[in-house]
Amino acid sequence: MEICELTAHKLHNLLTSKEIRAEEVCLAVFKRINQVEDKVKAYLSLVREEALEKARAVDRKIDRGEAISPLAGIPVALKDNLCTKGLKTTCASKILYNFVPPYNATVVDKLRQEDAVITGKTNMDEFAMGSSTENSAFQKTCNPWSLDCVPGGSSGGSAAAVAAGEAICALGSDTGGSIRQPAAFCGVVGMKPTYGTVSRYGLVAFASSLDQIGPFARDVTDCALMLNAISGHDSMDSTSVPTELPDYRNALVEDIDGFRIGVPAEYFAAGLDDRVRRVIEEAITVLEQRGARVEETTLPHTEYALSTYYIIAPAEASSNLARYDGVRYGYRVEEAEDVVDMFSRTRSRGFGAEVKRRVMLGTYALSAGYYDAYYLKALKVRTLIRRDFERAFEKFDFLISPTTPSTAFRFGEKVDDPLTMYLSDVFTLAVNLAGLPGVSIPAGFVDGMPVGLQLIGKPFSESTLLRAAYTFEQSTAHHLKRPPLTGEVK
Amino acid sequence: MTRYEPVIGLEVHVELQTASKIFCHSSTAFGGDPNNHVCPVCLGLPGTLPVLNRNVVEAAIMVGLSLNCSVARFCKFDRKHYFYPDLPKNYQISQYDLPIAYDGYLDVEDEDGQPVRIGITRVHMEEDAGKLLHQGTIATTPYSLVDYNRTGVPLLEIVSEPDMRSPQEARAYLDKLKTIIQYTGVSDCRMEEGSLRCDANVSVRVRGSDTFGTKTEIKNMNSFRALQKAVQYEIERQIECLETGERIVQETRTWDETRGVTLSMRSKEEAHDYRYFPEPDLVPIVISPLWIEEITQQLPELPDARCCRYMDAYKLPAYDAGVLTSSKELGNYFEECVSLYPQPKTVSNWLMGELLRLLNDTNSEIGEARVRPAQLAGMLALIDKGTISGKLAKEVFEEMFRTGKDAQAVVKEKGLEQISDEASINAVIEQVIADHPGPVSDYRAGKERALGFMVGQVMKLTRGKANPGLVNRLLKDRLG
Amino acid sequence: MLSREVVDHVALLARLELSEEEKERYASQLADILEYAERLQELDTEDVIPTAHVLPLQNVFRHDTVGQHLPSEETLANAPDREDNCFKVPRII
Chain F
4 MEICELTAHK LHNLLTSKEI RAEEVCLAVF KRINQVEDKV KAYLSLVREE ALEKARAVDR
64 KIDRGEAISP LAGIPVALKD NLCTKGLKTT CASKILYNFV PPYNATVVDK LRQEDAVITG
124 KTNMDEFAMG SSTENSAFQK TCNPWSLDCV PGGSSGGSAA AVAAGEAICA LGSDTGGSIR
184 QPAAFCGVVG MKPTYGTVSR YGLVAFASSL DQIGPFARDV TDCALMLNAI SGHDSMDSTS
244 VPTELPDYRN ALVEDIDGFR IGVPAEYFAA GLDDRVRRVI EEAITVLEQR GARVEETTLP
304 HTEYALSTYY IIAPAEASSN LARYDGVRYG YRVEEAEDVV DMFSRTRSRG FGAEVKRRVM
364 LGTYALSAGY YDAYYLKALK VRTLIRRDFE RAFEKFDFLI SPTTPSTAFR FGEKVDDPLT
424 MYLSDVFTLA VNLAGLPGVS IPAGFVDGMP VGLQLIGKPF SESTLLRAAY TFEQSTAHHL
484 KRPPLTGEVK
Chain D
510 MTRYEPVIGL EVHVELQTAS KIFCHSSTAF GGDPNNHVCP VCLGLPGTLP VLNRNVVEAA
570 IMVGLSLNCS VARFCKFDRK HYFYPDLPKN YQISQYDLPI AYDGYLDVED EDGQPVRIGI
630 TRVHMEEDAG KLLHQGTIAT TPYSLVDYNR TGVPLLEIVS EPDMRSPQEA RAYLDKLKTI
690 IQYTGVSDCR MEEGSLRCDA NVSVRVRGSD TFGTKTEIKN MNSFRALQKA VQYEIERQIE
750 CLETGERIVQ ETRTWDETRG VTLSMRSKEE AHDYRYFPEP DLVPIVISPL WIEEITQQLP
810 ELPDARCCRY MDAYKLPAYD AGVLTSSKEL GNYFEECVSL YPQPKTVSNW LMGELLRLLN
870 DTNSEIGEAR VRPAQLAGML ALIDKGTISG KLAKEVFEEM FRTGKDAQAV VKEKGLEQIS
930 DEASINAVIE QVIADHPGPV SDYRAGKERA LGFMVGQVMK LTRGKANPGL VNRLLKDRLG
Chain P
6 MLSREVVDHV ALLARLELSE EEKERYASQL ADILEYAERL QELDTEDVIP TAHVLPLQNV
66 FRHDTVGQHL PSEETLANAP DREDNCFKVP RII
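Next up, the structure:
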């Protein structure tokens, strides 16, 4: 396996045993980027020189005999909705095409403190609205397993970069499945932590009550290392939990004997690709063989999750995106007659179709006369959806399901039909509505395309999820496969 | 006016004097260059989040308590949406359906001195917007400049019930509200500087009616006088509309100070639809009875209670007590004087007569007065000792007010010390007798009035400094 | 289909200047999504407390201390138009 295809924990061992230098690792990743980025188009911007400089600084630390942190010298890619001081942060939107934040997101500072090497900013659906990364204003990212398929979204660039060896790990954000769904499509591990585990400060908001930052990695161990680095209380985020969080490395235990696992019947209903179903059923067998007790359960309000989500998320988005008006930063139309004209034309030309659609939808749902019927109603159904999970967790340690109803779809397949596109998030978005942790891990393949297994836990049970995921991973070899980077490029 | 009854309610915004803004660590200080007191949070940069300043909550609770409100056990923030370039996020973080305090009141007097209770609907917390700078007026400027220093400065909005029935009452309410808030110390409430802002909802109805007429909202009143004048104007305008059968339009009107009229603001092209929803970036506030109790303990004595105490403990007339407690600092000044010179009515007379007149003449405030309470007490003691006459004391006090010097020093410098030395006075008396033989013989002939003339002459020659009682006695002795 | 008046009103509230084609498209797409969302009305939520926050957090405060301000060059660096340390905007009315 090439250097750029190794895991962070393996690279860490090679670094500390001085079998490799951080600069070599960084050069290997940038070499891969040079080779494949034309095909994959995972990145919106790259910071090669800064990355190499940082890598050399890590090498100096090692030379001085200093202890290094687990992510020191590890090339990490950042989704382009995470603010980076002095480095363009566009959210893949024309309206922020030239925005250079004067501050770092808390997670970026945390990664820097760990001496991680930031490679660049990855492509995404504009403002994280989408499930295919096709809504980027700048480029389409391709799925490394088949270049004519989408990488999923909205964190498609981060998922594809990790899958293709263009980064060792990456950060994304997950509002309705935007980490787990592309992780499943690209055959990597992707985790959305419990709401409040990772500071949202510096994450450009899409839907504030649903957004959470999380890691992409090649295996569960790397995922735990990334989560260790980015989680924890932040006084800049009022919704960040003030409690002490565990060291997630302690969860990497190969033992799920006696674990009770629930399989929600609704997640195996119509709409699920049969071949995906079979892969998940095999995965269930593996878990049972490791001593887990797997039983069917029910989440009766599942069928309402999509509607609930598509009221709440656009409503919050319409508010969060009000600030893009051409006054303080970003794009502004030329020669406006007055402020109203400037605002309206700036926003119309700066935002893409999906963003405008959701802003319209959210504005409508919050407007006088409709608030109670849509927004308030959705908040109430959100309570019912939470209660479903609470009830299930009385009996089960965690739940499992497919991450997505199908494997990665082809470009253009769903882009003109918003509802069909939204349905590709149907298994992931209830987790955000309930604020729960969810992880997608490689579970097998259908026609050479990866399938993701989703594990859903109680609030703050990331350790349980990682332990189960780790046990599954150690019992299978799906995570060891690397994508061919072939397929018809569109 | 007699057939109609005005109905007035006020919406008052008060800027809180915290060190930092409501949701970030930027300073609330005024002045300096534009956009120099901002950070990513108050600029509303993408990705930033608000974190609530605890002192804002405590100030809001304190104001709520001082206005006899119930304090909410549970409250939250909401987003209020409207696009305007001075609003960095194009929404304002405010409180919608669950304000921090509600259902209060304050007492004022109507024109006839009768007590009136004005209901307070709610007190809520919110963030201020920035400032737009125009060349000339907003209507004629070719472009505008935006300064975000003020964005995020904490505000309390205090909404009254429509309980006021005259412009005077509205002014009295605002006056009282200002005094109470100044007493709590959470704001300086300077209307000229914008730390106190007031909008008025005005309607009129036929006296005796129990329904409200169509109301208009009056903005841009920058002083207490402007409030009274604008409301007066608007009442008259609405009555005239009713009389002439014209329809009153529910609208926002702006007070034009120079023309003395209210003008319809160009009607907005959209109906207001603020699309309030709970602020997801802030968590709810739960206020325990213990917390309320702690703040109640910190609550200073408020003007009404202090006024009663002045009448009770100092035996001051209601009028004096009212004036002296109308500002916290004046009351403090008074109490410090009385502690040094325990004759409350004398002190009150000097403060209400001389000190307030001089402050008014110089357009300054009590806090700026150079003459301090100890100095006034010292001067009053000099009068008692006979060092200066009561009449000269006013001159001495003016000089003290002007220079900040002690009474003793002023008296000495200006040679105003009273002459009580018999030999010196006798010498002057001798001269007066020599100069005015006529009156001398008149007096001796039994014309008592002539003595007054002679005393006057002695006072004149001593430039008022001779002790008049002594002059009187010595003259009588000499002539008798 | 949403009526043209509703689409125009919502676009104005959202400060979006939409083309005729966009108005048509959004009118039908929003109607589809809203129709789909209609299924929420099947549920009886009379006594259900709405979930605005998933976390049971309350009373998160900061101390009233003044921190670092942005240097004005950084404050204005991203401004599309500026003058005298201010953000410059076209006429308001």
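Chains as they are written, first to last, in our numbering: chain F, 4 to 493; chain D, 510 to 989; chain P, 6 to 98.
All C-beta atoms in this analysis are idealised placements derived from N, C-alpha and C, irrespective of residue type, glycine included.
Small disclaimer: the values here were computed from a predicted structure and weren't measured.
I'd like to know whether the C-beta atoms of residue i and residue j end up nearer to each other than 8 Å.
{"i": "Val617(D)", "j": "Ala681(D)", "result": "yes"}
{"i": "Val330(F)", "j": "Val792(D)", "result": "no"}
{"i": "Tyr850(D)", "j": "Leu833(D)", "result": "no"}
{"i": "Thr178(F)", "j": "Gly159(F)", "result": "no"}
{"i": "Phe141(F)", "j": "Leu47(F)", "result": "yes"}
{"i": "Cys707(D)", "j": "Leu519(D)", "result": "yes"}
{"i": "Leu983(D)", "j": "Ile938(D)", "result": "yes"}
{"i": "Ile629(D)", "j": "Cys578(D)", "result": "yes"}
{"i": "Pro245(F)", "j": "Thr301(F)", "result": "no"}
{"i": "Val521(D)", "j": "Leu664(D)", "result": "no"}
{"i": "Ile65(F)", "j": "Lys34(F)", "result": "no"}
Given that a residue counts as buried once 16 or more other Cβ atoms are within 10 Å of its Cβ, and exposed if not, what is residue i?
{"i": "Leu885(D)", "result": "buried"}
{"i": "Met571(D)", "result": "buried"}
{"i": "Phe583(D)", "result": "exposed"}
{"i": "Glu778(D)", "result": "Below a pLDDT of 50, predicted positions are generally treated as unreliable, and Glu778(D), at 47, falls in that range; no measurement from the model is reported."}
{"i": "Lys97(F)", "result": "buried"}
{"i": "Thr511(D)", "result": "exposed"}
{"i": "Asp719(D)", "result": "exposed"}
At least one CB of chain D closer than 8 Å to the CB of residue i: is that the case?
{"i": "Arg9(P)", "result": "no"}
{"i": "Gly455(F)", "result": "no"}
{"i": "Ala318(F)", "result": "yes"}
{"i": "Asp89(P)", "result": "yes"}
{"i": "Arg326(F)", "result": "yes"}
{"i": "Tyr251(F)", "result": "no"}
Alpha carbon to alpha carbon, what distance is there between residue j and residue i?
{"i": "Ala254(F)", "j": "Leu456(F)", "result": "19 Å"}
{"i": "Gly703(D)", "j": "Glu524(D)", "result": "8 Å"}
{"i": "Ile97(P)", "j": "Arg866(D)", "result": "45 Å"}
{"i": "Ala208(F)", "j": "Asp790(D)", "result": "10 Å"}
{"i": "Asn64(P)", "j": "Val223(F)", "result": "35 Å"}
{"i": "Ser536(D)", "j": "Val550(D)", "result": "12 Å"}
{"i": "Lys82(F)", "j": "Ser321(F)", "result": "21 Å"}
{"i": "Thr771(D)", "j": "Asn729(D)", "result": "10 Å"}
{"i": "Met700(D)", "j": "Leu736(D)", "result": "11 Å"}
{"i": "Val920(D)", "j": "Leu811(D)", "result": "39 Å"}
{"i": "Arg281(F)", "j": "Ala480(F)", "result": "17 Å"}
{"i": "Cys846(D)", "j": "Leu825(D)", "result": "15 Å"}
{"i": "Gly553(D)", "j": "Ile71(F)", "result": "36 Å"}
{"i": "Gly353(F)", "j": "Thr93(F)", "result": "11 Å"}
Locate the alpha helix (DSSP H) running through residue i, then write down its first and last residues.
{"i": "Pro977(D)", "result": "Pro977 to Leu988"}
{"i": "Glu8(F)", "result": "Taken as a continuous stretch (DSSP letters only), Glu8(F) belongs to no alpha helix (DSSP H), as it is neither H nor E."}
{"i": "Ala227(F)", "result": "Val223 to Ile233"}
{"i": "Arg866(D)", "result": "Leu865 to Asp870"}
Could one say the Cβ of residue i lies closer than 8 Å to chain F's Cβ atoms, at least one of them?
{"i": "Val169(P)", "result": "What is shown of chain P runs 6 to 98, which leaves residue 169(P) out entirely."}
{"i": "Gly645(D)", "result": "no"}
Just checking: is the beta-carbon of residue i within a distance shorter than 8 Å of some beta-carbon in chain P?
{"i": "Ile609(D)", "result": "no"}
{"i": "Asp341(F)", "result": "yes"}
{"i": "Thr834(D)", "result": "no"}
{"i": "Cys641(D)", "result": "Looking at the sequence shown, residue 641(D) is not Cys but Leu. Yes, Leu641(D) lies at the interface with chain P (some Cβ there is under 8 Å from its Cβ)."}
Would you give the residue range spanned by the beta strand (DSSP E) that residue i belongs to?
{"i": "Pro663(D)", "result": "Pro663 to Ser669"}
{"i": "Lys82(F)", "result": "Pro78 to Lys82"}
{"i": "Asp708(D)", "result": "Leu705 to Val715"}
{"i": "Phe448(F)", "result": "Gly441 to Val449"}
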